[in-house]
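A.B. asks:
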Amino acid sequence: MTQISGKFTEQNQPPLEELVVSVIQAMKQENPNIDCSYLLQISAIKKQAQIAIAAATNNHDVDQLRSSYLGKRGVLASIFKNFAEFPLAFRPTLGRISNQIKEEVLHLLQRRTNELAQIKLTTILAQQAIDVTLPARGQNYGHLHPVTQVRHDFEDFFTAMGFKIVEGPEIEDDFHNFTALNIPFSHPARAQHDTFYFADGTLLRTHTSPVQIRAMQTWGAPLRIITPGRVYRCDSDATHTPMFHQLEGLIIDENVSFANLRWLVQNFMEYFFADKVTTRLRPSYFPFTEPSAEIDVQREVNGEMRWLEVFGCGMVHPNVLKAGGIDSKRYSGFAFGLGLDRFAMLRYGISDLRLLFENDLEFLEQF
Amino acid sequence: MKIIESWLREWINPPLTIKQIADQLTTAGFEVTDIHKANANFSGVVIGEIVAITSHPNAERLRICEVTVQIQSPHGSPGDINVVTNTKNTSLANIPSPPHSIATLSLSSSLPTTLTIVCGAQNARLGLKVPVALIGAKLPSDIKIQKTKLRGIESYGMLCSAKELQIPQVTEVTGLLELPTTAPIGMDLRDYLNLNDSVIEIELTANRGDCLSMLGIAREVAALNHLTLSKLEEMQIHLGKIGQTKKMLNDDISTQLRNHNDNNHQCNTPHLPKITLLAPSACSNYAACVIEGINNKVALPLWLKDRLEKSGLRSINPVVDITNYVMLELGQPLHAFAYHKIDGDIVVRYANSKTTCIEKTDINEINYANSAVSNEPNSNKESIEYLVLLDGKQLSLTHPNTLVIADNTQPIALAGIMGGTNTAVDENTTTIFLESAYFAPETIRQTARHYGLQTDAAYRFERGIDPTIQMFALNRARDLLLNIVGGHATPITTKSAEQHQLTTKAIPLSLVRVNRFLGTTLTPHIITNILLSLGMHIEEIHNDKYLNLNTDLSKCDRYISRSDFNNPDSATHTQLNTNFILGDDIVNDLKVTPPPYRSDITIVEDLIEEIARIYGYNKLPTLPIKTTCAVKTHKDKTLVSEREIKNLLAARGYTEAITYSFVSLSLEKMLNPNCTPIPLINPLSPEHAVMRTSLWTGLIGALMYNLKRQQTRVRLFETGLCFRHVTNKNATTKLGIKFEIVEEKEGDITQKTEQKPMVAGIVTGTTFAEHWSSKNSICDFYDIKSDIEYLLKSCSQNTSTLIFDIKDHMPPALHPKHSAVISLAERNLGYIGKLHPHIQQTLEIKEPVYLFELDIQSFFPKKTLNFMPISKFPAVERDISLIIDREIPWQRIKDKVQESGGELLRDIKIFDIYQVDGITNTQQSITLRLRFQHLSHTLVDNEIDNAIHKITTAIKRDLNAVLRG
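Protein chains in written order, with the working numbering: chain A, 1 to 367; chain B, 368 to 1332.
This is the structure in structure tokens:
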């Protein structure tokens, strides 16, 4: 649509009719006999043009109206053809009137052309209508396993705190899985581990702690790592699967204290639950930490406040530091370990651990 | 472990409710998993006596009893209630507990003290004392007792059986619960039978064997509440008075005489058998005595029976029950042998070593994995000894370190685990040989595990009992036995192996270190008082620098007051007092010796834990981590992260599966017949018997699971390790840490276990999810290929060198002509292809299945690249059509065109591939669209023609192609 010139906007409409009347009066004063009859038609022509243009239903109608009003033999041309008969002094005013009526008609024609184009476009667009509520096309989005999602979430927390993510072998030797972790051959904790063995004496790691030893041996102190991964124990029921996931963390540095461990635990729990939480430390026993603690979190379960055991932690046992080649006189550290599957169950309200490893699409696609 | 409240309070009685005690124990490391009332809930049941009994006029089986339920005393005070003194504690007065009084229902004033009750029980008889449910009483199964008419006779209550009250049967009698004649009439039955008692269940950690007894828990409760365990002292004094003991040394052979009890005047007094400790490292203390003339048919006192039952122990016979009771009380397992069934003397030795003492000290060297599979006895078959255990199980004692108690001819007990039937005590036994010994935890643990035996005794020995309590426990048992089953006892004889005595060693302790380790500012006063309350012996180390610290110690009281403990000012949790730290030299201030029963405390950290535990973990401060650890990059630049790969695959419509790393051998063999998977020694099931050599095995399992559940379109992926034995190959992996590869020698070949992180996918069904607008096509090779290209182009560099190629040795799981090797910069990444139709058919899968598997470590992580300038000059496209042998792969044509086209050739596209009429079916027509462009000028026809000429010449010459049109 073309730009409509400012002076023809509705608000600035010059009083064309008044102008015509005043010119006729002025000319009559000078020359009462002057014939102004066709000037008097201007208002009528304008009204007539307005009606005719508004009635045009296509571009052809508009073109015809254009030539019948504005053409060389058009209505307006015939009105102003006797221009020269008028006194000279009035000619500029008459010229202005002539231009103005022409422009007004032109504007009306243009507007109608645009309107017709718009109507036509609207009709075409309406014919092209689609149902936007129909299903989309293309590849579906896949789903990451709930354990993976929890793991990524935890990795975000710990990497932001300067921890490095480290993984290690799953077929381990006895030294890294037990002996180096202060679980010598005859230690009762071995019996509780329900270990899968291979013929050559190697085993499937029962926890991700062996990675701690490997990390200490590789990088020494100071150290900040988390070790997520699969672990294995020969046990199977609703709360135990022979394979599950752990995430362990380890900090070794000068002057790392139990108070630091409490601080990290509190922050981590508030991160996981995205809420202020009350935590409780309970003295516990793990061969590889001393002192050791279990962390309980107070949560509402069925309208009742309960302590949920969430993970185990403690100050790294000097024998473990020694096995990792770290001077326990200079460095201290703490470690913590948690079950990723358990946290996934807690987060998503999953009651049976085995669901996590059935790989049923109906289950996996919920996450 | 079950702890009975009334029993605990008898030992130590802090002014706390049982809930408070339970919380205290939980936060001190003894997790209380349950607190429950020892008995069912009922009320309004009192003790009554049947004072008259007549038959019912209208019913043959019913009788009318007159029952006295209130004694005729003006003050209503109960009669003789001394029967239960053993279960009551005089100091109970200060805790909320129902008074021991007569029936509290408001019936006493309005009802006569003798009630008429109609009863159908067979054992109702005159003078019997029975539980009477008064009108208004509530019984366990929600029965409310009302006045009723039974066949025309009004009955004012109900006489109850044990079953109706849901209390454990005290006697074998059916019908009414028969109470002892001493039971006080009118007393509430709950009080009389101690039914208001609570039982708390404690989950003990493996290191606290010392707490597997009432004594152990009482000691902890005493320490936590700053109380003295006076009960122990009382008991020691009491037993000290009655016991005449004689101690003998193991090496003092000459004095191993028959010990006669001088006070015993019977001429056929049994002598105490000679005791020889042939395995002193496994059994370093052995105390014993003989009790003769016992009556093992007596009824156990109610309180003792009650405690055993509530502790979860089955009653066997009085002697066994009493030894069990002492075990629960003091933590020392005891064993009673039928004296007359013992042949001669007692030897504590290893099985199969009758004559010689073979000490096997190198137990540690025995490989568990091997011993679990095949256990070669160390001696020849003829000498293997047998023992039939009390539970009837017959054992051949093949384990080399089987410690036994033997007489002159044979083993009579599996030491510390279970006795043998050959010397079992039964109700007719009149003389017993009573043993109280210390057996080394390791020996018992190995033996118990080897023979698969879990007994209460073994449980305690495995965790380490107090090595100094044998005498005391035996004395206690002897005292109880003499009181209950009667008889006469010989004095106690102990045998000890002096060199093998376990002692706890003094641990040097620095107060600075304690505070630094815990992040606290505990005062020396608090620290020493905690240690003292746990029975530790403290010595000061005099050191000039720290004299000021030590002066405090002299002021320490034996027991710290509660206010000191709870006063927050006594330990301000701010920063460490820097005055405590003088560089890295931490000077030890104290020498702390743990009590003998705390063999778990061996290092400074153990002491620190004890301090933190008693002080309260939750009272310790929290401090933000300050570190000297430089925070370096967390991203390993040599590896593409699994996380990135997972996200990319998910974006391509793959859902992540997590399958077990162990798979069924048959499926593994079907898919990867050329691999020998690593078998587990002890798999849970044949379905999980071997380690996967490829992720495909698990994914096919997951696919079939979903197809069975009516899924038709499955796209799954998994990441994880695959396991193979590789030979003579330097197999290392790069998961941040170089894996130490286990070597296994088989002849001259060195086998190594390779653990490779892989990513794999499986696809079946339509390319896209079903859609209304288009006919869906079943996915094919090129769909999956696109996913691989997307994955690699998104996260790996060098993708211009990405090649899909066919090699001679494709994985047998794949269709040989619908599969490819994927390589990047000539590094083998993995495979892609269609599941072999034969396997597909065997597994009864209807639609074709596509698979891929890539080695994550062979990806090239993206590096920062230098950008290529963009030409401002127009590009020109030219099409050429060739007729070419179908056997020639596109890759070769493309490479040839690229190579011959020179630098002007910017892009090659396949415009069309089709069969042309008039050519043989071994050929096809390919139309290429070539795009030419130069960086610095507009190309002229001549240049392009030249390039085209070079290209066509090359492909004609090298690929035998014919140019069309």
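Where is the CB? At the ideal position from N, CA and C, for every residue including glycine.
#1: What ranges does the alpha helix (DSSP H) occupy inside the segment 785-834 of chain B, keeping only unbroken runs of at least 4 residues that lie completely in it?
#2: Roughly how many angstroms separate the alpha carbons of Q139/A and I1129/B, rounded to a whole number?
#3: Can you name the residues of chain B whose CB is closer than 7 Å to the CB of A344/A?
#4: Compare the C-beta of Q813/B against all C-beta atoms of chain A and say whether one is closer than 8 Å.
#5: Pull out every residue of the segment 965-976 of chain B whose Cβ sits closer than 9 Å to any Cβ of chain A, in chain order.
#6: I want to know whether the segment 783-801 of chain B touches the segment 653-670 of chain B - three or more CB-CB distances under 8 Å.
#7: May I have the straight-line CA-CA distance separating R430/B from S422/B, to the nearest angstrom?
#8: Do you know how far the Cα of G1269/B is from the Cα of I1322/B?
#9: Find the residues of chain B that neighbour H143/A, judging by a C-beta separation of less than 8 Å, and give them in chain order.
#10: Between which residues of its own chain and P507/B is the CB-CB distance below 8 Å, once the five residues before and five after are set aside?
#11: Output, in chain order, the set of chain A residues within a Cβ distance shorter than 7 Å of G886/B.
#12: Taking its Cβ as the centre, do 16 or more other Cβ atoms sit within 10 Å of K1213/B, making it buried, or is it exposed?
#13: Distance, Cα to Cα, D341/A vs H152/A?
#14: Which of the three DSSP states is assigned to S580/B in this structure?
#15: Can you pull the chain B residues whose beta carbon is under 7 Å from the beta carbon of M243/A, in chain order?
#16: Suppose contacts are defined by Cβ-Cβ distances below 8 Å. Is F334/A in contact with N260/A by that definition?
#17: Helix or strand or just coil, what does DSSP make of Q1214/B?
#18: Tell me which residues share the same chain as G325/A and place their Cβ nearer than 7 Å to its Cβ, disregarding the 5 neighbours each side in the sequence.
#19: From this set, G1197/B, R1082/B, S1267/B, which residue's C-alpha is nearest K1169/B's C-alpha?
#20: Answer with buried or exposed for L370/A, where buried requires no fewer than 16 other C-beta atoms within 10 angstroms of its C-beta.
#21: Taking the alpha-carbon positions, what's the F363/A to L346/A distance?
#22: Helix, strand or coil, according to DSSP, for Y331/A in the structure here?
#23: Could you tell me which chain B residues have their CB closer than 8 Å to the CB of I171/A, listed as they occur along the chain?
#24: Is the beta carbon of I1145/B sitting closer than 8 Å to the one on I1199/B?
#25: Quick one: what's got a C-beta closer than 7 Å to F154/A's C-beta in the same chain, skipping five residues either side?
#26: Evaluate H1176/B with the Cβ neighbour count: other Cβ atoms within 10 Å of its Cβ, from every protein chain shown; 16 or more gives buried, anything less gives exposed.
#27: Any beta carbon from chain B within less than 8 Å of R306/A's own beta carbon?
#28: How about F828/B and G783/B: are their beta carbons less than 8 Å apart?
#29: Would you tell me roughly how many angstroms separate the C-alpha atoms of R965/B and V436/B, rounded to the nearest one?
#30: When you compare only the Cα positions, how much space is there between I1280/B and I1293/B?
#31: With K708/B as the anchor, note down where its alpha helix (DSSP H) starts and where it stops.
#32: Pull the bridge partners of F286/A from the DSSP assignment, please.
#33: Using beta carbons (cut-off 8 Å, strictly below), is I1255/B in contact with chain A?
#34: Where does V1243/B fall in DSSP's three states?
#35: So what does DSSP say about Q64/A, is it helix, strand or coil?
C.D. replies: So, from the listed chains and residues:
#1: The DSSP assignment places 808-818, 823-830 as complete runs of the alpha helix (DSSP H) inside the segment 785-834 of chain B, in order along the chain (cut-off: 4 residues).
#2: 15 Å
#3: For A344/A, there are no C-beta contacts with chain B under 7 Å, since the nearest C-beta of that chain is about 11 Å from it.
#4: Yes - at least one Cβ of chain A is within 8 Å of the one on Q813/B.
#5: D967, I970, V971, E972, D973, I975, E976
#6: These segments touch.
#7: Cα to Cα, R430/B sits roughly 4 Å from S422/B.
#8: 14 Å
#9: A1017, T1022, E1023
#10: A407, N408, F409, E531, L532, Q533
#11: S257, F258, A259, N260
#12: exposed
#13: 13 Å
#14: coil
#15: For M243/A, the chain B residues whose Cβ falls inside 7 Å of its Cβ are Y1027, S1028, in order along the chain.
#16: yes
#17: Gln is not the amino acid found at residue 1214/B; the sequence shown has Glu there. The answer is coil: DSSP assigns E1214/B none of H, G, I, E or B.
#18: M216, Q217, G220
#19: It is Leu, not Lys, that sits at residue 1169/B in the sequence shown. Looking at the Cα atoms, G1197/B is the closest of the given residues.
#20: Chain A is shown from 1 up to 367; residue 370/A falls before or after that span and cannot be answered.
#21: 16 Å
#22: Y331/A sits in coil when the DSSP states are folded into three classes, being neither helix nor strand.
#23: I1045, M1058, F1090, V1109, T1120, Q1122
#24: no
#25: L247
#26: exposed
#27: R306/A is outside the set of residues whose beta carbon lies under 8 Å from a beta carbon in chain B.
#28: yes
#29: Cα to Cα, R965/B sits roughly 52 Å from V436/B.
#30: 5 Å
#31: No alpha helix (DSSP H) contains K708/B, which DSSP labels as neither H nor E.
#32: Residue pairing by DSSP places F286/A opposite T289/A in a beta bridge.
#33: no
#34: Strand at V1243/B.
#35: If DSSP states are grouped into helix, strand and coil, Q64/A belongs with the helices.
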